[in-house]
Structures are given as structure tokens and as C-alpha cells.
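Inspection log for the structure reproduced underneath, given as C-alpha cells.
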Amino acid sequence: MTALNKSQSFRTVFALLQGILLFMTFTYLLVDCFNGLLMRIGIGISISQLYKMGLLAGMLLFLLGTRPLAFLAAFGLILFFLMPLLFKSLLSGDTSTFVGNFGYNLKLILFPVSFLFFSNLELSQENLKAYWKSFVWFNFILIAFNIFLGVLGVGYSQYDSPEGQGIGGRGFFFAGNEVAGIFLLFSGVSWYLTKNLNGISRFLFFLLLLVLGVLNTSKTAILGIILIVGLIEVPKFFKKRMSLGRFFGLLSLPLLVIVLVGIIYWGIQATGLIDRITFFYDKLDLLTFILSGRNQMVQGAMTFYPSMYSFWDYLFGVGNQEFLKLMGIYHGNPHTIEIDFFDLLFMNGFLGLSLVLGIFVWATFRSLNQKQSKSPIWAINLVLLFVSFMAGHIFNSAMLGISLGMLNGLGFKYWKN
86 MTALNKSQSF RTVFALLQGI LLFMTFTYLL VDCFNGLLMR IGIGISISQL
136 YKMGLLAGML LFLLGTRPLA FLAAFGLILF FLMPLLFKSL LSGDTSTFVG
186 NFGYNLKLIL FPVSFLFFSN LELSQENLKA YWKSFVWFNF ILIAFNIFLG
236 VLGVGYSQYD SPEGQGIGGR GFFFAGNEVA GIFLLFSGVS WYLTKNLNGI
286 SRFLFFLLLL VLGVLNTSKT AILGIILIVG LIEVPKFFKK RMSLGRFFGL
336 LSLPLLVIVL VGIIYWGIQA TGLIDRITFF YDKLDLLTFI LSGRNQMVQG
386 AMTFYPSMYS FWDYLFGVGN QEFLKLMGIY HGNPHTIEID FFDLLFMNGF
436 LGLSLVLGIF VWATFRSLNQ KQSKSPIWAI NLVLLFVSFM AGHIFNSAML
486 GISLGMLNGL GFKYWKN
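The numbering of the sequence shown is our numbering, which starts it at 86 and goes up by one.
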């Protein structure tokens with residue numbers, strides 16, 4: 086076989102691999118739903134984890150063969166989250182928690198590895214736009230469909246009321262705490278893709294997004310979609326010249342606020358969320374109510390963080406399993422904080438926190454440059470960063486990581502031209 090034939094075969098193989106990975110990315114949330122269905126009927130095989138691991142391995146293989154420098158960066162990330170855990174396990178002689186710790190850390194690298202993979206893809210502008218729009222709309226419809234299913238009693242409820250009844254819906258998405266983040270991501274991009282529709286159609290679509298957030302009964306979903314739409318639309322509204330229609334639009338804003346408040350109030354009444362809010366508000370102070378008790382988890386962690394952590398632990402963290410053990414001993418509840426900043430700090434140390442947030446902040450700043458500022462990515466990223474400080478499940482979300490990496494990585498190419 087000549088060198089030319091070898092080169093052609095090489096390109097053919099990696100073109101095929103690229104197509105497989107694009108298909109797997111397109112459908113991984115559908116696999117999550119199927120996995121939730123299996124869990125619902127008592128089959129405890131986590132095919133979604135195997136699927137994501139296969140997708141991650143394929144991305145690394147593709148980068149190794151086509152973008153060696155990007156592969157080294159991705160592989161370096163894996164080593165960073167693997168080697169300190171392995172080194173500490175060998176020193177302590179306790180290797181029982183290594184697998185659990187690394188399984189948790191794998192979720193942290195889904196976003197940066199996906200981001201590197203999609204940033205280095207070469208697609209024609211036509212194929213890029215077709216894939217982007219299809220990916221966004223397919224998964225938005227899938228998420229909306231599952232929320233409606235959950236409200237109708239099919240699949241999982243988002244919460245249980247104080248009386249034990251289901252509140253809100255997430256359908257067959259098993260990881261309920263991660264639904265709000267993935268909903269905000271796809272709702273934000275979907276909203277942007279409606280930019281060519283008339284004002285009435287866009288308003289109705291916004292009401293649909295708000296209703297979905299209310300039906301999911303997530304405070305972050307409701308507030309998040311309002312913030313995303315506001316960040317995208319309000320600056321454009323004031324940049325344009327004042328016309329008669331725009332003047333009346335400004336006058337109608339108070340009415341719009343009243344309508345939105347009415348929809349939200351109706352939603353929390355209809356879904357039973359008002360009972361959950363009243364129950365917890367009566368028992369908790371305002372900050373604890375807003376953060377759903379996460380501030381108390383931080384206080385519990387701070388009882389042992391200054392004294393039990395070594396210099397090594399400050400840098401690299403103690404890992405997920407050891408942190409849960411310490412929380413059980415000192416706080417009485419072996420649970421993560423569910424505020425990403427503190428979870429990263431306690432479990433992955435200053436270096437892990439800086440690495441994960443640094444990559445995300447850099448991707449956000451990149452989306453603000455020149456033509457990229459016309460995209461919705463910067464607004465969505467800012468809101469997701471805000472959510473990570475309020476409710477967590479953003480940077481350690483297996484559901485969100487791949488899509489977040491795809492929309493940030495491929496989105497740069499989408500708006501570049």
C-alpha cells in the first residue's frame with residue numbers, strides 16, 4: 086500500500102469515527118431516558134454510563150489521531166484528576182474508594198474533553214448549521230416531552246411533597262437534580278434560534294419556556310430562563326432606535342411582568358410546589374430556604390476543613406468518597422454540598438477548582454469576542470455559572486457536560502463566519 090493510499094485510508098477511518106461520535110453526541114440524552122426507563126422497571130444496568138464512557142474514549146482516540154496537542158491537553162486533564170487519587174490511595178494503603186472517586190471525577194472532565202473535541206472538528210458551514218440546529222431542537226423537544234410526561238405521572242416526579250405526593254416532572258431522566266441545567270442550556274439556544282420569528286410567536290415561545298420551568302418545579306429553571314432571555318434581549322432592545330412600536334413595547338413591560346408573575350403563581354399552585362415552599366419556609370430562615378439548606382452543608386464542612394485537610398488536600402482535595410465520609414462524621418449527613426464551587430474546593434482542591442472554572446470562564450470570555458457576542462452562549466454560560474453557585478449540578482453533571490462542551494466548542498465555529 087502506497088503512502089497516498091495509507092493517508093486516504095487514515096482519513097476515511099477518522100471521518101467514519103467523527104460521524105459515529107456526532108451521532109452518539111446527538112442521541113446520548115435519549116440513551117439517558119432509556120436508562121431511566123430501565124431503572125424505573127427495576128433493571129439496574131447503567132447503560133448511559135457505558136455509553137458516555139465509550140463516547141469519551143472515542144473523542145480521545147479522534148484527538149490522538151488528528152489533533153495530538155489537543156489530545157495531550159485532554160489526557161493531561163485525565164491524569165490530573167486520576168494521579169493524585171491513585172497516589173494518595175497507594176500511600177494510605179486504602180484503595181477501596183479509588184474507583185468511586187475517579188468515577189465522580191470523570192464527570193468533571195466531560196465538559197473540557199467535549200469542548201476540546203468539538204473545537205477541533207472540521208465541518209463545512211452547511212453541515213455545521215444543519216447539525217447544530219437539529220441537535221438543539223431534537224434535545225429541547227426531548228427534554229420538554231419528558232417534563233410533560235413527569236407532570237402527567239409517567240416516569241419520575243421532580244420532588245415529593247410533605248405528604249409524599251409527587252411534585253413537578255422530569256419524565257425518564259433519572260438524575261433529577263441535573264435536569265434544570267440541561268433545560269436552561271437547550272432552552273437558551275432554542276430561544277436564540279427563534280430570533281427570526283415575529284414578536285407574538287416569540288412571546289408565546291417564551292411563555293412555553295416559562296411553563297416548562299414551572300412544571301419542572303425548579304427555582305433555578307424558572308429564574309434561569311428569565312435571566313437568559315433578559316441578558317440576550319434587553320441589550321438589543323435599547324440599542325435600536327426608538328420607534329412607536331418600541332415605545333409601546335416599553336410601556337407594556339409592567340403588564341408583561343404582571344402576566345409572568347401570574348403564570349408562575351398559577352404554576353406553583355397547580356403543581357403543588359407551593360406546599361413544598363410553605364413547608365420549608367416555615368421551618369428555615371430566608372437564606373437557608375433560598376439555598377435549600379446548602380449553606381448549612383457548607384457550615385458543616387467548615388467544621389473539619391481547616392483542621393482535617395493537609396497541604397496536599399488543600400491543593401488536590403480529598404476526593405468524593407473521603408469527603409462524604411467526613412461529612413457523615415462531622416455533619417451527620419454524608420452528602421455533597423451541591424454548590425459546585427465548594428464541592429470542587431473540598432473534593433478537588435484549589436487546583437481542581439481553578440482548572441475546571443478556568444476552562445469554563447475562558448470559554449465564556451471567548452464567546453464575547455467580536456462576532457461571538459451575537460451568540461447566546463455567553464449569556465447561557467453566565468446564568469449556568471450563577472446556578473452553579475446556587476444549586477450546583479453544573480460542572481459535575483454527566484447529563485450537561487457533553488452538551489455544554491459541544492455548544493461552546495462547536496458554537497465558536499457556528500458564529501465565526
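Every residue gets a Cβ at the ideal spot worked out from N, C-alpha and C, and that includes glycine.
| field | the region 126 to 133 / the region 231 to 242 touching (three or more Cβ pairs under 8 Å) | value | no
| said: Extract the residue ranges of the alpha helix (DSSP H) inside the region 397 to 449, only unbroken runs of 4 or more that lie entirely within it. | reply: 405 to 415
| request: Given a cut-off of 9 Å, decide if Ala142 and Leu201 are closer than it, judged by their beta-carbon atoms. | output: no
| Would you say Thr373 and Gln381 are within 9 Å of each other, going by their C-beta atoms? | yes
| task | Look at the alpha carbon of Phe42 and the alpha carbon of Asp117, and state the distance between them as a whole number of angstroms. | result | Shown here, the chain extends from 86 to 502; a query on residue 42 therefore has no answer.
| task | Reducing DSSP to helix, strand and coil, say where Tyr241 ends up. | result | strand
| field | Residues that Gly256 bridges to, as DSSP identifies them | value | Tyr241
| Spatial neighbours of Arg152 in its chain, beta-carbon cut-off 6 Å, leaving aside the 5 residues before and after | Asn205
| message | For the alpha helix (DSSP H) containing Leu300, name the first residue and the last one. | response | 284 to 301
| Other residues of its chain near Gly273: CB distance less than 6 Å, five sequence neighbours each side excluded | Ile313, Pro461, Ile465
| If you count every other CB in all the chains shown that lies within 10 Å of the CB of Gln207, and 16 or more means buried, which is it? | The amino acid occupying residue 207 in the given sequence is Glu; Gln does not appear at that position. So Glu207 ends up on the exposed side.
| Helix, strand or coil: which one does DSSP assign to Pro461? | Pro461 falls in the coil class under three-state DSSP.
| query | Are the beta-carbon atoms belonging to Phe396 and Gly402 less than 9 Å from one another? | reply | no
| What is the DSSP secondary structure of Ile479, counted as helix, strand or coil? | coil
| query | By a C-beta neighbour count over all protein chains shown, 10 Å radius and 16 as the cutoff for buried, is Asp179 buried or exposed? | reply | Looking at its Cβ environment, which holds fewer than 16 other Cβ atoms inside 10 Å, Asp179 is exposed.
| field | Residue range of the unbroken alpha helix (DSSP H) whose run includes Lys214 | value | 210 to 236
| Does DSSP classify Lys280 as helix, strand or coil? | For Lys280, the three-state secondary structure derived from DSSP is coil.
| request: Out of Gly490, Glu423, Gly477, state which residue places its alpha-carbon closest to the alpha-carbon of Thr449. | output: Gly490
| query | How should Arg125 be labelled, buried or exposed, when 16 other C-beta atoms within 10 angstroms of its C-beta is the threshold for buried? | reply | Classification for Arg125: exposed.
| Which of helix, strand or coil does DSSP assign to Arg152? | coil
| query | Looking at C-beta atoms only, is the number of pairs between the region 471 to 480 and the region 422 to 433 that lie closer than 8 Å three or more? | reply | The answer is yes - the region 422 to 433 touches the region 471 to 480, with three or more Cβ pairs under 8 Å.
| task | Excluding the 5 residues preceding and the 5 following Leu40 in the sequence, name in chain order all residues of the same chain whose CB lies nearer than 8 Å to its CB. | result | The shown model of the chain, from 86 to 502, leaves out residue 40, and the question about it has no answer.
| Whose C-alpha, out of Phe268, Tyr113, Ile285, Ser275, is nearest the C-alpha of Lys304? | Phe268
| query | Taking the C-alpha atoms as reference points, what is the distance between Gly437 and Leu400? | reply | 8 Å
| With respect to 8 Å, is the separation between the Cβ of Asn380 and the closest non-hydrogen atom of the ligand SAH below this value? | Because no ligand of any kind appears in the structure shown, any question about the ligand SAH cannot be addressed here.
| message | Using beta carbons (cut-off 9 Å, strictly below), is Ser204 in contact with chain C? | response | No chain C appears in this structure, which consists of one protein chain only.
| said: Using only the alpha-carbon positions, how far apart do Ser92 and Phe147 sit? | reply: Their Cα atoms are separated by approximately 15 Å.
| request: Rounded to whole angstroms, what's the CA-CA distance from Gly161 to Ser473? Just pull it up for me. | output: 25 Å
| request: Could you tell me whether the Cβ atoms of Val264 and Ile228 are closer together than 9 Å? | output: yes
| message | If I measure Cβ to Cβ from Gly121 and keep anything under 6 Å in the same chain, skipping five residues before and after, which residues do I get? | response | Phe257, Phe258, Phe259
| Start-to-end residues for the alpha helix (DSSP H) that takes in Ile194 | 183 to 204
| Straight-line Cα distance separating Trp276 from Arg287 | In a straight line, the C-alpha of Arg287 is about 8 Å away from that of Trp276.
| message | Relative to the C-alpha of Phe166, which candidate in Leu175, Gly188, Ser177 has its C-alpha closest? | response | Gly188
| task | Evaluate Arg255 with the Cβ neighbour count: other Cβ atoms within 10 Å of its Cβ, from every protein chain shown; 16 or more gives buried, anything less gives exposed. | result | buried
| query | Can you give the Cα-Cα distance for Phe99 and Trp217, rounded to whole angstroms? | reply | Just so you know, the alpha carbons of Phe99 and Trp217 end up roughly 20 Å apart.
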